[in-house]
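Read in our numbering, the sequence shown has 436 at position 40, and its numbers run on one by one without any break.
Here a beta-carbon is modelled for each residue, glycine too, at the ideal position from N, C-alpha and C.
Note that the coordinates shown come from a computational prediction; the quantities given were computed from them, not determined experimentally.
Okay, so here's the structure we're looking at.
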Amino acid sequence: MFTKQRKLLFVLLAVLLVAVIAACGKKEETSANGEKSAVNETKVEEKGNDLEAALLKTMDIASYNFSAGLSLDEINIPDSLSGDPAAQAQAQAIMSMIQNSTLNVTGSYQADPMRLEMDVNVEVKGDMSLSLNIPIIMTEDVMWFKIPNTPFFPVGPYADKFVEINMKELAETQGAQMPELDIDLQRKLGQDMMAIVIKHFNDKDNFKEISASETSLPADLNPEKVVKFSITNDNLEDTVKTVIENIAPEVIELMLQNEEYRNTLQLTVQDLEEAKTELAAFDRAELQSGLDQMKEELTINDISLIGAIKDGYLAHQQIKVNADVKSDGETVKIGFTIWGQYDNINDKVNFKHEIPTDAVSLEELFGNMQGM
Numbered sequence: 397m398f399t400k401q402r403k404l405l406f407v408l409l410a411v412l413l414v415a416v417i418a419a420c421g422k423k424e425e426t427s428a429n430g431e432k433s434a435v436n437e438t439k440v441e442e443k444g445n446d447l448e449a450a451l452l453k454t455m456d457i458a459s460y461n462f463s464a465g466l467s468l469d470e471i472n473i474p475d476s477l478s479g480d481p482a483a484q485a486q487a488q489a490i491m492s493m494i495q496n497s498t499l500n501v502t503g504s505y506q507a508d509p510m511r512l513e514m515d516v517n518v519e520v521k522g523d524m525s526l527s528l529n530i531p532i533i534m535t536e537d538v539m540w541f542k543i544p545n546t547p548f549f550p551v552g553p554y555a556d557k558f559v560e561i562n563m564k565e566l567a568e569t570q571g572a573q574m575p576e577l578d579i580d581l582q583r584k585l586g587q588d589m590m591a592i593v594i595k596h597f598n599d600k601d602n603f604k605e606i607s608a609s610e611t612s613l614p615a616d617l618n619p620e621k622v623v624k625f626s627i628t629n630d631n632l633e634d635t636v637k638t639v640i641e642n643i644a645p646e647v648i649e650l651m652l653q654n655e656e657y658r659n660t661l662q663l664t665v666q667d668l669e670e671a672k673t674e675l676a677a678f679d680r681a682e683l684q685s686g687l688d689q690m691k692e693e694l695t696i697n698d699i700s701l702i703g704a705i706k707d708g709y710l711a712h713q714q715i716k717v718n719a720d721v722k723s724d725g726e727t728v729k730i731g732f733t734i735w736g737q738y739d740n741i742n743d744k745v746n747f748k749h750e751i752p753t754d755a756v757s758l759e760e761l762f763g764n765m766q767g768m
């Protein structure tokens, strides 16, 4: 089983995957003076400048349509890790149900006035096939979601009705403070964090430019550039060391020095100090031991992030993870794909749903559901 140190290594590796999505997509997007960078090999310093310039440009997007998806490509957990026979049968039934299931999202966004809508579609295949479509609408303070009409979740007269959640009032009721949607602050936070990532990965072999034909991008996308960030069995050790020894400490210090950043991410000084202590506990011997153990337990088949650049923006991004993890002499296999795409950037967006005028409150929904 994983020790505490090895668990933290895996967590930090997962954090890295999320942190470099934007970097992957903007690796060689646009230079600081607005000119397109060359497709061939670019100097490390120029790549960093391209990334920061592209990050700023992307954060200035005022409106767009979007689509995204998640598919579970492979999952295999040996029976011996599932417990007694009853638990094994239950685990196999769950794996059979979710294998090749998909989650797809389409929607639109505008910054001023802030409005976001999306349709979330869940498809579960197999013997217990299930299809759910859940529209969601958000403004600065209020969110609405439609209750699906399905026999799996009987809700009586509330099927196909919108539920209204006033997020500000809900936060006040719970004694919490709802974080403000400060776009300028989030832009600065993203820029500062990405600058740290760029600084420490500019001279690594994780990034490379590839052709669109090497990917499964939509045929009609026609990007100017495609950049791939990969974590392999060969560069895993160097990647994790870079995160633990360089990136994570600097990100923690950035948060500690900026109260607005902490509030935006809902982090406390205590949270950050504890994380800082955990990182400091990784002396070189412990770190190397944990990495050696990780390499014995983890086999990377594919961990990659692909970003496609079109018109100077990140038009499409894709994350693929396929790995084998050994535990107690058995091997767990898991593989999934996440993708996202932006269209009609900075054009007028047409929202599919009207703001509901007959929505029910959470209190009404829960109150009446108890009697059903």
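466 is the residue among 466, 714 and 754 whose C-alpha sits nearest the C-alpha of residue 499.
Taking a C-beta distance under 8 Å as the contact criterion, residue 472 and residue 728 qualify as a contact pair.
Taking residue 726 as reference, the option from 461, 470, 475 and 761 with the minimal CA-CA separation is 475. For residue 719, the uninterrupted beta strand (DSSP E) segment begins and ends at 709-723. For the pair residue 677 and residue 648, the CB atoms are not nearer than the 8 Å cut-off. Per DSSP, the beta bridge partners of residue 704 are 622 and 712. Using a 10 angstroms sphere on the CB of residue 542, the tally of other CB atoms reaches 16 or more, which defines it as buried.
With a cutoff of 8 Å on beta-carbon distance, residue 629 and residue 696 are scored as near each other. Going by C-alpha positions, residue 530 is about 37 Å away from residue 722. Looking at 635, 513, 480 and 601, the one whose alpha-carbon comes closest to that of residue 536 is 513. Judged by DSSP secondary structure, residue 729 falls within the beta strand (DSSP E) whose first and last residues are 726-739.
Per DSSP, residue 750 is not a residue of any beta strand (DSSP E), being assigned neither H nor E. For residue 557, the CB contacts under 8 Å within the same chain, skipping 5 residues up- and downstream, are 542, 543, 754, 755 and 756 in chain order. Counting C-beta pairs with one atom in each stretch, the region 659-674 and the region 683-695 have fewer than three that are closer than 8 Å, which means they do not touch. If the five residues before and after residue 752 are omitted, its C-beta is found closer than 8 Å to the C-beta atoms of 533, 540, 558 and 560, all from its own chain and listed in chain order. Judged by their CB atoms, residue 618 and residue 706 are nearer to each other than the 8 Å cut-off. Taking C-alpha positions only, residue 585 is separated from residue 713 by approximately 21 Å. Taking a cut-off of 8 Å for Cβ pairs, the region 621-635 and the region 593-605 touch, as three or more such pairs fall below it. Every unbroken stretch of the alpha helix (DSSP H) spanning 4 or more residues and falling wholly within the region 576-616 is given here in chain order: 579-597. Look at residue 485 here: in three-state DSSP terms it is helix. Residue 564 sits in a helix when the DSSP states are folded into three classes. Apart from sequence neighbours up to five positions away, the residues of its chain that approach residue 758 with a beta-carbon distance below 7 Å are 559 and 561, ordered along the chain.
DSSP, read as helix, strand or coil, puts residue 665 in helix.
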